[in-house]
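Peer 1:
There are 2 protein chains.
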Amino acid sequence: MTQDKVISFSSIKIDCKSCNLTTLCLPLGLESAEIGRLEEIIKRSRPLHRGDQLFHAEQGFHSLYVIKTGSVKTFLPEPDGGEQVLGFHLPGEVIGMDGIESERYHCSAKVLETSAVCEVPFDRLEALTHDIPSLQHQLYRLMSKEIGQETDMLALLGSKSAEERLAAFVLGLSERFKRRGFSATDFHLSMSRHDIGSYLGLAVETISRLFSRFQEEGLLKVERKHLQLTNLAGLQAMAKGCGLEPRRQKHGG
Amino acid sequence: MTQDKVISFSSIKIDCKSCNLTTLCLPLGLESAEIGRLEEIIKRSRPLHRGDQLFHAEQGFHSLYVIKTGSVKTFLPEPDGGEQVLGFHLPGEVIGMDGIESERYHCSAKVLETSAVCEVPFDRLEALTHDIPSLQHQLYRLMSKEIGQETDMLALLGSKSAEERLAAFVLGLSERFKRRGFSATDFHLSMSRHDIGSYLGLAVETISRLFSRFQEEGLLKVERKHLQLTNLAGLQAMAKGCGLEPRRQKHGG
DNA sequence: CGTACTATTGAGCGCTCTCAAAACCAGTGG
DNA sequence: CCACTGGTTTTGAGAGCGCTCAATAGTACG
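Chains as they are written, first to last, in my numbering: chain R, 32 to 284; chain X, 32 to 284.
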């Protein structure tokens, strides 16, 4: 029960010990009575499995979802049945905030591996943020952070080469795993090469070729879904476009 | 004074008659006393001119800014002095929300033409949203909308060809001018070709060439900064990638 | 052990890039 | 008024990155 409290509390707070997520946010400083109220509105879900869909684009919006364990991808469905991947989400992260404006989800969300996810009905959360100013502030911060992250992604897609994008991608994952207390150099890719390609605006084949090249260059080792980063500094240099030989173009040249 | 009230009210409401912006949002339904309180916190600014900077990336965050007239671009400064353009902002739009999370602006904002901009200190706005639930809801919606728009841009950059991007861009501008009560087919581009290219992830030369080609194809007429859309349906088809001849790639192949 | 899906690798091409230069425009000062 | 200067836009030529197509290998599942 105490354990449950911690989980519920931290699900919103995004500062969740049970999710190994201790540094993302400032403490909320809620009173225990307030924690209880927050707990009340959170629906715990049974385990979800690979391919399960949390919500669909255009579907009526009611709740935010907090990833507790596992991973989730968000994407924009395309008319031809394809998926434009928008992001990969790890424990402690919140999705669904794009649905508030129109009261319909803007994107779809699909579970990448067996995962646990909390549902937080937004109308009740909104009412609670009205009663608890620090929670209100936290929600503003959360949405602001989302905007900033998408902004960074726009810059990546707008001006980086394929190798810069992939290097930045694996380093981003590394950083996020590290914050969660997992290894920063050794982790599992729950998404397919296809999803990575879609996310980075590249073809599947390009992802595969780059992984092979990075491995040849000793930057990392990749075996199917397992990734081991063997030269973080080299990857960082590559992500910044400061590769050994000066290159300065996205593609073409 | 009544006129001023309308402006202040609508600056936050994003439903501003004086900005020709009547359809963007639902009414807030504020009491006149509440309107007064909102008015109090808004700082009106003197006119700004082309090149004036509203805020810089990494600078301490204190306020949101609402464009009243003119236009503003937001961008991420690059180490080499370049600018990765993130968006162009028209009257009624709010910028600076990316600064809430870290209490530093995430991007920079520069005025594109003579403009009027309201400053809204965020701490005071936040306090006010606590007192006025409908205002709180409106701010959530505003941030949610921003997330959705950036999402759409990610999809554009991730999977569209150059011609699809430019067609979508001019149509997006057209739509936004239309909502503001201006002509949807005849308007002024306050940003340079360079800015458009950066925004769309394309080279300046590509923008210029595409404008020329679109003109040859009778889709639009362009003369320096003046744009006239002569075939909206054709542009829409092009933006969707349903051009006359089937094409299905971003670049290459 | 067959079927379907995912990943890898190769061959070839074209979209969009870079480089380069000319045309055009705006502002300044003589 | 015009030459000068700096910036923006246009246009051309050529090249390369990342694409598509295609085929092979590896993996998952029944």
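Heads up, the beta-carbon is just placed ideally off N, CA and C, and yes, glycines get one too.
All of these numbers come straight from a predicted model, not from anything done at the bench.
At a CB distance below 8 Å, what residues from the region 124 to 148 of chain X approach chain R? Give them in sequence order.
Peer 2: The residues in question are 128, 129, 130, 131, 132, 133, 137, 138.
Peer 1: Determine which residues share a DSSP beta bridge with residue 259 of chain X and list them.
Peer 2: By one-based count along the second sequence, residue 259 of chain X stands at place 228. Beta-bridge pairing links residue 259 of chain X to X:217, X:252.
Peer 1: Beta-carbon of residue 264 of chain R versus every beta-carbon of chain X: anything under 8 Å?
Peer 2: Locating residue 264 of chain R in the first sequence gives position 233, counting from the first residue. Not one chain X Cβ lies under 8 Å of residue 264 of chain R.
Peer 1: Which residues, in order along the region 167 to 178 of chain R, keep a beta-carbon less than 7 Å from a beta-carbon of chain X?
Peer 2: Cβ contacts with chain X: 167, 168, 171, 172, 174, 175, 176, 177, 178.
Peer 1: Provide the residue span of the alpha helix (DSSP H) that contains residue 238 of chain R, from first to last.
Peer 2: Here the question's residue 238 of chain R lines up with position 207 in the first sequence. Residue 238 of chain R -> alpha helix (DSSP H) spans 235 to 247.
Peer 1: Which of the three DSSP states is assigned to residue 232 of chain R in this structure?
Peer 2: Counting from one through the first sequence, the residue named residue 232 of chain R turns up at place 201. Three-state DSSP puts residue 232 of chain R in coil, outside helix and strand.
Peer 1: To the nearest angstrom, how far is it from the Cα of residue 193 of chain R to the Cα of residue 209 of chain R?
Peer 2: The residue given as residue 193 of chain R occupies position 162 in the first sequence. The residue given as residue 209 of chain R occupies position 178 in the first sequence. Computed Cα separation, rounded: 24 Å.
Peer 1: Mind checking whether residue 148 of chain X and residue 201 of chain X have CB atoms under 8 Å apart?
Peer 2: Along the second sequence, read from residue 1 onward, the residue named residue 148 of chain X stands at position 117. Along the second sequence, read from residue 1 onward, the residue named residue 201 of chain X stands at position 170. Contact flag unset, no.
Peer 1: So, at 6 Å on beta carbons, what are the nonlocal neighbours of residue 272 of chain R in its own chain, with the 5 sequence-adjacent residues on each side left out?
Peer 2: For this step, residue 272 of chain R is matched to residue 241 along the first sequence. 195, listed in sequence order.
Peer 1: Can the beta-carbon of residue 101 of chain R be found closer than 8 Å to that of residue 142 of chain R?
Peer 2: Numbered from 1 along the first sequence, position 70 holds the residue referred to as residue 101 of chain R. Numbered from 1 along the first sequence, position 111 holds the residue referred to as residue 142 of chain R. Contact flag set, yes.
Peer 1: For residue 259 of chain R, count neighbouring C-beta atoms within 10 Å of its own C-beta (all shown protein chains included) and say buried if the count is 16 or more, exposed if not.
Peer 2: For the purposes of this step, residue 259 of chain R is identified with residue 228 of the first sequence, where counting begins at 1. Classification of residue 259 of chain R: exposed, given that the 10 Å Cβ count is below 16.
Peer 1: Which same chain residues end up closer than 7 Å to residue 207 of chain R when comparing Cβ atoms and leaving out the 5 residues on each side of it in sequence?
Peer 2: As a first step, residue 207 of chain R must be located in the first sequence, where it is residue number 176. Around residue 207 of chain R: 121.
Peer 1: Compile a chain-ordered list of the residues in the region 155 to 166 of chain X whose CB is closer than 9 Å to at least one CB of chain R.
Peer 2: Flagged, chain order: 157, 158, 160, 161, 164.
Peer 1: Is the Cβ of residue 89 of chain X closer than 8 Å to any Cβ of chain R?
Peer 2: By one-based count along the second sequence, residue 89 of chain X stands at place 58. Chain R, which has no Cβ nearer than 8 Å to the Cβ of residue 89 of chain X, makes this no.
Peer 1: Residues of chain R with CB under 8 Å from residue 188 of chain X, in chain order?
Peer 2: For the purposes of this step, residue 188 of chain X is identified with residue 157 of the second sequence, where counting begins at 1. Result: 185, 188, 189, 232.
Peer 1: Name the chain R residues that come within less than 8 Å of residue 182 of chain X, Cβ to Cβ?
Peer 2: Sequence index remark: in the second sequence, residue 182 of chain X carries index 151 (1-based). Going along chain R in sequence order, the residues near residue 182 of chain X (Cβ under 8 Å) are 107, 117, 129, 137, 138, 181.
Peer 1: For the putative contact between residue 107 of chain R and residue 117 of chain R, defined by C-beta atoms under 8 Å, what is the C-beta separation to the nearest angstrom?
Peer 2: Residue mapping note: residue 107 of chain R aligns to position 76 of the first sequence, counting from 1. Residue mapping note: residue 117 of chain R aligns to position 86 of the first sequence, counting from 1. Contact holds; Cβ gap of about 6 Å.
Peer 1: Determine contact between the region 151 to 163 of chain R and the region 239 to 250 of chain R, defined as no fewer than three beta-carbon pairs at a distance below 8 Å.
Peer 2: Flag = no, the region 151 to 163 of chain R and the region 239 to 250 of chain R do not touch.
Peer 1: What residues from chain R crowd round residue 221 of chain X, counting only those whose CB sits closer than 7 Å?
Peer 2: Along the second sequence, one-based indexing puts residue 221 of chain X at 190. Correct list: empty, because the minimum Cβ distance to chain R is about 20 Å.
Peer 1: Is it the case that the Cβ atoms of residue 220 of chain R and residue 256 of chain R are separated by a distance below 8 Å?
Peer 2: For the purposes of this step, residue 220 of chain R is taken as residue 189 along the first sequence, with counting starting at 1. For the purposes of this step, residue 256 of chain R is taken as residue 225 along the first sequence, with counting starting at 1. Yes, Cβ-Cβ distance for residue 220 of chain R and residue 256 of chain R is below 8 Å.
Peer 1: Give the residues of chain R in contact with residue 229 of chain X, contact being defined as C-beta atoms less than 9 Å apart.
Peer 2: The sequence position of residue 229 of chain X within the second sequence is 198, counting from 1. Ordered by position in chain R, the residues that pass the 9 Å Cβ test against residue 229 of chain X are 189, 190.
Peer 1: If the criterion is Cβ atoms closer than 8 Å, does the pair residue 128 of chain X and residue 175 of chain R meet it?
Peer 2: Mapped onto the second sequence, residue 128 of chain X falls at position 97. Mapped onto the first sequence, residue 175 of chain R falls at position 144. Yes, they are a contact pair.
Peer 1: Can you check which of these residues, R:125, R:79, R:90, is closest to residue 24 of chain R by C-alpha distance?
Peer 2: No answer is possible for residue 24 of chain R: it lies beyond the span of chain R, which begins at 32 and ends at 284.
Peer 1: Look at the alpha carbon of residue 263 of chain R and the alpha carbon of residue 139 of chain R, and state the distance between them as a whole number of angstroms.
Peer 2: Start at 1 with the first residue of the first sequence, and residue 263 of chain R comes out as number 232. Start at 1 with the first residue of the first sequence, and residue 139 of chain R comes out as number 108. Using only the alpha carbons, I get a separation of about 33 Å.
Peer 1: Label residue 189 of chain X either buried or exposed according to how many other C-beta atoms from any shown protein chain fall within 10 Å of its C-beta, with 16 as the threshold for buried.
Peer 2: Locating residue 189 of chain X in the second sequence gives position 158, where the first residue counts as 1. Per the 10 Å Cβ criterion, buried.
Peer 1: Can you tell me which of the three DSSP states residue 114 of chain X falls into?
Peer 2: Locating residue 114 of chain X in the second sequence gives position 83, where the first residue counts as 1. Strand, per DSSP.
Peer 1: On the CB-based measure, 16 or more other CB atoms within 10 Å of its CB, does residue 64 of chain X come out buried or exposed?
Peer 2: Counted from its first residue, the second sequence places residue 64 of chain X at position 33. Residue 64 of chain X should be labelled exposed.
Peer 1: Count the other CB atoms, across all protein chains shown, that sit within 10 Å of the CB of residue 80 of chain X; report buried if there are 16 or more and exposed otherwise.
Peer 2: Working through the second sequence from its first residue, we reach residue 80 of chain X at position 49. So residue 80 of chain X counts as exposed.
Peer 1: What's the C-alpha gap between residue 182 of chain X and residue 85 of chain R?
Peer 2: Looking up residue 182 of chain X in the second sequence gives position 151. Looking up residue 85 of chain R in the first sequence gives position 54. So the alpha carbons of these two residues sit roughly 18 Å apart.
Peer 1: Can you tell me which of the three DSSP states residue 92 of chain R falls into?
Peer 2: Your numbering for residue 92 of chain R matches position 61 in the first sequence. Residue state, collapsed to three classes: coil.
Peer 1: Jot down the residue ranges of each uninterrupted alpha helix (DSSP H) in the region 157 to 225 of chain X, minimum 4 residues, whole runs only, in chain order.
Peer 2: With a minimum length of 4 residues, the continuous alpha helix (DSSP H) runs that stay inside the region 157 to 225 of chain X are 164 to 190, 193 to 210.
Peer 1: Which term fits residue 123 of chain R, buried or exposed, when burial requires 16 or more other beta carbons within 10 angstroms of its beta carbon?
Peer 2: If you number the first sequence from 1, residue 123 of chain R lands on position 92. When all chains shown are included, residue 123 of chain R counts as buried.
Peer 1: Just reading off the beta strand (DSSP E) that residue 104 of chain X is part of, what are its end residues?
Peer 2: The residue labelled residue 104 of chain X in the question sits at position 73 within the second sequence. Taken as a continuous stretch (DSSP letters only), the beta strand (DSSP E) holding residue 104 of chain X covers 103 to 108.
Peer 1: Rounding to the nearest angstrom, what Cα-Cα distance links residue 115 of chain R and residue 67 of chain X in this structure?
Peer 2: Counting from one through the first sequence, the residue named residue 115 of chain R turns up at place 84. Counting from one through the second sequence, the residue named residue 67 of chain X turns up at place 36. Distance between the alpha carbons of residue 115 of chain R and residue 67 of chain X is about 45 Å.
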